[in-house]
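Working notes for the structure below.
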Amino acid sequence: TLKTLDLGTNGISDRGAQYLVDALQINMTLTTFDFTCNKISYQMVQYLTKILEKNSSYK
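Take 4 as the starting number for the sequence shown in my numbering and just add one per residue.
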């Protein structure tokens, strides 16, 4: 079971982030997620934050 996902500093763009957001919506075991220092827009950060807030298991 995946509990921690560190994708910091991987050059991930909004397109790649969208795939991750889709996966995060169905993964209920992940508790820690690091997505720092990537190439995503402010709008994608807001969207990602909204998705993560829906799942109370994230830290």
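Beta carbons are placed, not taken as given, at the ideal position from N, Cα and C, and that holds for glycine.
From a predicted model like this one, the values you see are computed outputs, not experimental measurements.
Would you give the residue range spanned by the beta strand (DSSP E) that Thr12 belongs to?
Per DSSP, Thr12 is not a residue of any beta strand (DSSP E), being assigned neither H nor E.
Quick check on the burial criterion: 16 or more other C-beta atoms within 10 angstroms. Buried or exposed for Ala20?
So Ala20 counts as buried.
DSSP beta-bridge partners for Ser16?
Ser16 is bridged to Lys42.
Local Cβ density within 10 Å of Leu5, reported as buried at 16 or more and exposed below that:
With fewer than 16 Cβ atoms within 10 Å of its Cβ, Leu5 is classed as exposed.
Is Thr35 helix, strand or coil by DSSP?
Thr35 falls in the strand class under three-state DSSP.
Below 8 Å between beta carbons: does that hold for Thr7 and Thr35?
The Cβ-Cβ distance between Thr7 and Thr35 falls below 8 Å.
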